[in-house]
Structures are given as C-alpha cells and as structure tokens.
Amino acid sequence: MVQVQAFLNGEYMPLEECHISPLDRGFIFGDGIYELLPVYKNKPFYLQQHLSRLERSIGEIRINNPYTKSEWEALVETLIQQSSDDNLAIYIQVTRGIAPRDHAFPKDAAASVFAMANPLAIVPQEQLQKGVALITAKDERWQRCDIKVISLLANILAIQDAVQASAVEAIMVRNGFALEGAASNLFVVRDGEVFTHPKDNLILPGITRDFVLELLSELNIPYTEQLIPKEWLYSADEIWITSSTKEVLAATKIDQQVVGNGAPGEVWEKTHALYQQRKMQAPF
Ligand SMILES: Cc1ncc(COP(=O)(O)O)c(C=O)c1O
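Structure (structure tokens):
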C-alpha cells in the first residue's frame, strides 16, 4: 500500500500517525475550510490560484492565517518531495483549532492545519468515452457556497442521492436555476455556445472552471457566464462538469434523460483534448 504523506500542525508524518483532539472545532462544529489541488508530474497545478482561494476562505471565516504565502508554498513542495507518486491530490484543511466546546470563537486557540498528499485518481477511460450520468438535486446548502468550507453535509446528501441513482454527481438547483455540481462546476452547451454560472456567492469559484474558460477563449469557442435555467439541462447539446479531480468530464444522462445524442459532444472533445495538452504547462 502506498504510504500517504501528511502534515499536522508543523510536523510531517505518515497519515496514520496523525492524531488530533476531538475538541478540534473541525470535528465538533465543522468549523474550518479546505483546499484541494492536483499535482501533475511533481508540479502543482495553478498553485497560486489555489493558495489565493485558500487564503480567501481562511479570511472569510475569520481565522487568523497561520502561515505566510511562502510557508504555504513550502508545505505543498515538501509534501510533493516526500511522496513517491508524481501525480497527487493535495488536500489542505484549516480549522479554528482546539478549544472547549462553545459556539463563539475561542479567544486564544491556534488554527489547526492538516494536509495530506494522496495519489491522484485517474478519471476512468470508460467515463471519458461514454460520459457520466447526473441527477439534479434541490440545493440545500447555505448562501456562502463561494467559501470552501469543510461542513459539506448538504453536498454529501446530494452526492449520495446521485450514487443511489447510479449517477456520479448531483447538479444543485436553486430557484429554478442549475448552479453547479455538489463537488464540481457546471457547463452547458447550446448551439455551439458554452454557458456556466457566474462567480457569485452561490457557487465555488472553481480553478478548473477558470482554466476551461481560458481554453475556450484559446479555441475561439464562445461562452457566456450567466444563470442557467434548469430546463436547459434537458435540451442541452452537451453538459460537462469540471473539478480538480474530474478535470472536464462530459455527462450523457441527466435525471435518466439522454443528453444531446447520448455521447460526449464535439465541443467537449476539443476542450478536453486541449486540457490534456495544457495541464502539464499550467503556471504554478
Ligand atoms: C461545490 C464545488 N464546486 C466546484 C468545485 C470545483 O472546484 P475546482 O475546479 O477548484 O476543483 C468543487 C471542488 O471540490 C466543489 O466542491
């Protein structure tokens, strides 16, 4: 079994040696944030964007950022060096620390920082060739989906509904609009134009989403960031989901209905091909 390298509060160690108090506010309240970034051939993908989002999440929930930017960079670099795999998914979590259980912020707790570097799971070839199935789900999350918080109960329940319907992801629908997946962003193609929800408080600003928009510009494929009516999902030519681990993945079924002609579409094919070419050259 591959040993997973981890970091806990200033020390590097194998994952199984990490222990943390049950009074950590991450455990007791889900009071924390996280980040996940892929590493391709030992190079972290869009590291600066991931660290900026991490620092923003920390600030938005009013935790004192325990590290400087260069200390965060060093943490990521050290985990890469210590890991035997070249392709990794680095998970970083920051909580408000360990304190007697009380909802109000503790006066003197230091933030807890945990990180681990797991081998990056490859998207199965069958999913790439045939596309995946999605369901829609009522968005039961709070109103600050732009912060990458560890309290993910609404997302977990939605994804479990998807799994039970033999689908891989649930598209969150709020007030009649399809916003994003429970763990991914959403793209819809109609008549050659690509649509995705604008960056606001109702979606996570995905790093992969930004990368895909850059690729669309490069391919001269028109795109618009706008609200997507739920009904568009059932008349779309193509639907894609994007995330650090799924990259850009075509969906060929939604709520048991066939999307487009039932196969990953040509706009997806072009975008995915360029994605595979460019991901190794992404800035870090
Ligand atoms: C709710 C949600 N939206 C979008 C994304 C995609 O973000 P990224 O492309 O930065 O992985 C994620 C990733 O975990 C997510 O949880």
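Numbering (numbering that gives the first Met the number 0) for the sequence shown: 0 to 283.
Just so you know, even glycine gets a beta-carbon here, dropped at the ideal spot from N, CA and C.
Under DSSP, no beta-bridge partner is assigned to residue 123. Residue state for residue 77 is assigned as helix, using DSSP reduced to three classes.
Looking at the DSSP output, residue 111 sits in a beta bridge with 94. The closest heavy atom of ligand 1 lies less than 7 Å from the beta carbon of residue 181.
Under the 8 Å Cβ criterion, the segment 261 to 272 does not count as touching the segment 58 to 70, having fewer than three qualifying pairs.
Beta-bridge analysis with DSSP links residue 11 to 6. Our two residues, residue 79 and residue 19, have alpha carbons roughly 23 Å apart in a direct line.
Distance between residue 202 and residue 185, taken at the CA atoms: about 10 Å.
Annotation for residue 180: 133, 168, 169, 170, 171, 240, 242 place their beta carbon closer than 8 Å to its own, counting only its chain and skipping 5 residues before and after. Rounded to the nearest whole angstrom, the C-alpha separation of residue 158 and residue 250 is 15 Å. By the Cβ-count criterion, residue 102 is exposed, with fewer than 16 other Cβ atoms from all chains shown falling within 10 Å of its own Cβ. Following the DSSP letters along the chain, one finds residue 139 in no alpha helix (DSSP H), marked with neither H nor E.
Fully enclosed beta strand (DSSP E) runs of no fewer than 3 residues occupy 31 to 39 of the segment 22 to 73, in order along the chain. Sequence-distant partners of residue 146 (beyond 5 residues in either direction) whose C-beta falls short of 6 Å from its own C-beta, in its chain, are 56, 59. Looking at the DSSP output, residue 256 bridges to 253.
Relative to ligand 1, even the nearest heavy atom lies 7 Å or more away from the CB of residue 46. Per the DSSP secondary-structure output, residue 200 pairs with nothing in a beta bridge. Contact check between the segment 12 to 29 and the segment 94 to 108: three or more CB pairs, one atom from each, fall below 8 Å, which counts as touching. Between residue 177 and the set 161, 12, 137, 277, the nearest pair of CA atoms involves 137. The shortest C-alpha to C-alpha distance from residue 69 to any of 47, 88, 85, 86 is the one to 47. Secondary structure of residue 178 (DSSP, three-state): strand. Around the beta carbon of residue 279, a 10 Å sphere encloses fewer than 16 other beta carbons of the protein chains shown; the residue is thus reported as exposed. In this structure, the alpha-carbon of residue 81 lies about 7 Å from that of residue 4. For residue 56, the CB stays at least 7 Å from every heavy atom of ligand 1.
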